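Trainee: So that we are looking at the same thing, I have put the structure below in structure tokens.
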Amino acid sequence: MRDNYRAWAIDKNDFYKLGTMAERLKFLINFAVLAPSSHNSQPWKFAISDSQITLSPDFSRELPSSDANHRQLYTSLGCALENLTVAAGHYGFGFITQYFPNGTDQIVMTFVPGTKSIGENDLLPYVLKRHTNRNRYDSRLPDRIFLDWLRDGSSESLKIDVIKDPETKAKIAEVVTRANVCATQDKIFRSELSQYVKSNTTSAKLGMPMFGFGMPTLVSFIAPWVVKSFNVNKLSQKEDGRLLKEFTPVLVVISGAKDNKESWVRAGELYETIALMAEKEGIKTAPMAAVIQIGEFYKELQNCSKIEWRPLVFFRLGYSDKITKHSPRLSSGEVIKND
């Protein structure tokens with residue numbers, strides 16, 4: 003296994019060979035770093051102290067052009083936090099989570115070992131299997147029980163909208179593809195994106211190998227130049243629209259009563275919970291950020307979906323026979339910063 007994929011090779015039983023609290027908490031972080039993030043930028047860092055793990059943004063891996071207000075960054079932190087929560091529950095830890103205590107930019111988890119038993123919804127195996135699947139999905143809908151569970155995931159601060167209606171999907175597809183084209187019309191955006199576009203044989207630990215977009219290896223070597231030089235979303239706009247209208251049975255929007263850091267983190271947690279439960283059911287997911295992040299396209303998404311709150315996460319959901327390989331990752335040791 004190449005070094006940039008080694009983070010995925012976790013033996014869950016290794017936890018029981020560890021003697022100290024610090025070693026065990028570090029082991030939990032192995033699962034946190036497998037979370038999805040915008041451009042696979044992995045903008046997180048961790049610190050371990052006594053019985054606590056502190057999760058913070060690492061702004062050295064921010065995306066100034068595509069994520070100027072850090073909404074996607076904090077959503078990514080929420081995904082990592084959810085993986086950490088799942089791992090803690092699997093290994094019997096009770097915990098308390100504090101979001102940005104005392105005005106800090108940190109999320110602090112305090113752990114109590116041996117206070118929680120593994121429930122029937124243990125999702126840790128699916129942390130190791132989850133991946134973003136951008137392929138065409140089958141036309142069949144997910145099981146009604148799963149869709150009912152999905153709808154029931156709304157809370158006082160976050161709402162989940164499940165969209166299956168072909169007419170509404172077509173309206174959303176038109177908005178999403180225009181948002182994509184608008185994003186890549188910006189040369190600075192394209193330049194930033196091109197730095198995270200990687201060949202299929204890359205040794206980099208950050209960024210997106212093009213096999214995740216169905217690109218052959220030979221072509222993937224020129225992909226960074228192509229992305230930087232051309233508005234590729236304009237070239238693929240028609241096909242991208244078909245992907246959403248014809249090859250995505252369900253579109254999902256997570257919206258928030260507030261549009262702030264804590265809402266973004268919690269939206270990321272909720273998305274990751276859904277992605278893991280979907281993986282358990284053999285269902286795939288693929289987030290699409292432009293319609294959330296670029297300009298005011300989110301307002302058009304609100305209008306055509308009849309959503310009251312501010313959309314925070316938008317993603318595709320469905321079955322696919324094609325399984326995408328995992329993306330590279332930094333190891334836990336590279337993102338633990340006890341300084």
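So for the sequence shown, the numbering used here puts the first residue at 3; every next one is plus one. Here a beta-carbon is modelled for each residue, glycine too, at the ideal position from N, C-alpha and C. These numbers come from a predicted model, not from an experiment.
(1) Would you tell me roughly how many angstroms separate the C-alpha atoms of R244 and S67, rounded to the nearest one?
(2) Contact between the region 9-21 and the region 308-318 is defined here as three or more beta-carbon pairs at a separation below 8 angstroms; is this criterion met?
(3) N209 and N42 look like a contact to me (Cβ under 8 angstroms); what is the Cβ gap, rounded to whole Å?
(4) At the level of alpha carbons, what is the spacing between V199 and S307?
(5) Could you give the residue range of the beta strand (DSSP E) that holds W46?
(6) Would you grab the beta carbon distance between S78 and G270 for me? Rounded to a whole angstrom, and I think it's under 8 angstroms.
(7) Can you grab the Cα-Cα spacing for the pair K339 / A49, in whole Å?
(8) I need the boundaries of the beta strand (DSSP E) containing Y76, first residue and last residue.
(9) Just grab the DSSP bridge partners of V255 for me.
(10) With Y101 as the anchor, note down where its beta strand (DSSP E) starts and where it stops.
(11) If I measure Cβ to Cβ from A90 and keep anything under 7 angstroms in the same chain, skipping five residues before and after, which residues do I get?
(12) On the CB-based measure, 16 or more other CB atoms within 10 Å of its CB, does V221 come out buried or exposed?
(13) Measuring only the C-alpha atoms, how far is V228 from P218?
(14) Would you check if the region 56-65 and the region 233-249 touch, i.e. whether three or more CB-CB distances between them fall below 8 angstroms?
(15) Would you kindly work out how many angstroms separate the C-alpha atoms of R153 and A181, rounded to a whole number?
(16) Going by CA-CA distance only, name the one from N305, R318 and E274 that's closest to V35.
Mentor: Concretely, from the data shown:
(1) Rounded to the nearest angstrom, the two C-alpha atoms are 28 angstroms apart.
(2) no
(3) According to the sequence as given, residue 209 is Gly; it is not Asn. Their Cβ separation, rounded to whole angstroms, is 6 angstroms, which keeps G209 and N42 in contact under 8 angstroms.
(4) Cα to Cα, V199 sits roughly 31 angstroms from S307.
(5) W46 to S51
(6) Contact flag correct, Cβ pair sits at about 6 angstroms.
(7) 5 angstroms
(8) That residue, Y76, is in no beta strand (DSSP E); its alpha helix (DSSP H) goes R73 to H92.
(9) D163 and F316
(10) Where Y101 is concerned, the enclosing beta strand (DSSP E) stretches over G96 to Y101.
(11) L30, F97 and F113
(12) exposed
(13) 14 angstroms
(14) no
(15) So the two alpha carbons sit approximately 26 angstroms from each other.
(16) E274
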